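Beneath this line is the structure, given in structure tokens, with notes to follow.
In this note's numbering, the protein residues as written are 2 to 98.
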């Protein structure tokens, strides 16, 4: 059986990698990078799900429709969007000074 020469990082190796990332990108950019990565993953997942749904339709299989949002979920989304707008405004205010 073939054993790879380089395996997955363990414990302290992750800390070293994290320190290098912080040095390269800076601590202020990390949330922005994480947000962008998360958005890219969500888009990728939705596109692959769309492709799977299309394949199932072509095969004549039943495709499940996404559930509608409840009122409490819609309220929660509205609250999060409001908070995001407040944070964005505060960030702009602080960066302008």
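Even for Gly, the Cβ is constructed at its ideal location relative to N, Cα and C.
None of the values given here were measured: they were computed from a predicted structure.
Over what stretch of residues does the alpha helix (DSSP H) that includes residue 32 continue unbroken?
The count along the chain shown starts at 1 and reaches residue 32 at position 31. Annotation: the continuous alpha helix (DSSP H) that includes residue 32 extends over 31-60.
Less than 9 Å separating the beta-carbons of residue 23 and residue 31?
Position 22 of the chain shown, counting from 1, holds the residue named residue 23. Position 30 of the chain shown, counting from 1, holds the residue named residue 31. In this structure, residue 31 lies closer than 9 Å to residue 23 by Cβ.
Are residue 26 and residue 16 touching if we call contact CB-CB under 9 Å?
As a position in the chain shown, residue 26 is number 25, starting the count at 1. As a position in the chain shown, residue 16 is number 15, starting the count at 1. Their beta carbons are not under 9 Å apart, which means residue 26 does not touch residue 16 by this criterion.
DSSP-derived helix/strand/coil call for residue 75
As a first step, residue 75 must be located in the chain shown, where it is residue number 74. The answer is helix: DSSP assigns residue 75 an H, G or I state.
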